[in-house]
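In our numbering, the protein residues as written are 79 to 245.
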């Protein structure tokens, strides 16, 4: 599965570094110097969030709030315009559940599945691989992405929570 990560700040950067230990991954952030550091560590640099999404099967985000996620998808970033059926959007932002459900419904209209996967434990826990990831996804989708999330944090830190489709 081709992975992409948008949002390489304190939390997203720590999560993305864990993924880079075992996965080839495209990265994007609004700060080119951060993207350059990740490229030096083996990530594939992308010039925009849309370019990342075009080349990824699973796009992960960790942004400050749901407002930034919505802006990347449907606002200035316009990523939803290039997403295609079968892609997975996994949002690791600790966001607003109502906004997440609304975004998931809009993505579902395009055949894109959204996973709500907020994290708890801060950058230190992410760096140590002990972060808790609360995954909300249909059972079959959870099974597909669980090995990827286990790269970020061991199985004991990923509650096996499945939910009906987010729409």
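Yeah, the Cβ is synthetic: ideal placement off N, Cα and C, and Gly gets one too.
Query raised in the report: Relative to the C-alpha of residue 177, which residue among 148, 160 and 115 is closest?
Result: Nearest option by C-alpha distance: 148.
Report task. Just list the alpha helix (DSSP H) runs in the stretch 166-190, keeping only unbroken ones of 4 residues or longer that don't cross its boundaries, in chain order. Result -> Counting whole runs of 4 or more residues, the stretch 166-190 contains the alpha helix (DSSP H) stretches 175-186.
Query raised in the report: Tell me which same chain residues have a C-beta within less than 8 Å of the C-beta of residue 132, skipping the five on either side of it?
Result: When the five nearest sequence neighbours on each side are left out, the beta carbons in the same chain lying within less than 8 Å of the beta carbon of residue 132 are those of 160, in order along the chain.
**Report entry** residue 194, DSSP secondary structure in three states
**Finding:** strand
Requested in this report: Look at the alpha carbon of residue 231 and the alpha carbon of residue 153, and state the distance between them as a whole number of angstroms.
Outcome: 31 Å
Report task. Just tell me which of 166, 227 and 202 has its CA closest to the CA of residue 88. Result -> 202
**Report entry** Assumed close pair residue 82, residue 138 - CB separation to whole angstroms, cut-off 8 Å
**Finding:** 7 Å
Report task. Verify the contact flag: residue 105, CB atom, against every heavy atom of the ligand HEM, threshold strictly below 7 Å. Result -> Absent from the structure shown: the ligand HEM. Ligands present: none.
Query - Alpha-carbon to alpha-carbon, residue 97 and residue 194 - result: 18 Å
**Report entry** Cβ neighbour criterion (16 or more within 10 Å) applied to residue 198
**Finding:** exposed
Requested in this report: Report yes if the C-beta distance between residue 130 and residue 171 is below 8 Å; otherwise report no.
Outcome: no
Query raised in the report: Near residue 224, what residues of its chain come up, given a Cβ to Cβ distance below 6 Å and the 5 sequence neighbours on each side ignored?
Result: none
Query raised in the report: Nearest CA to the CA of residue 102: which residue from 186, 118 and 165?
Result: 118
Query raised in the report: What are the partner residues of residue 81, as DSSP defines its beta bridges?
Result: 103 and 136
Query - 8 Å Cβ cutoff met for residue 173 and residue 143 - result: yes
Requested in this report: Indicate whether residue 127 and residue 84 have their beta-carbon atoms separated by less than 8 Å.
Outcome: yes
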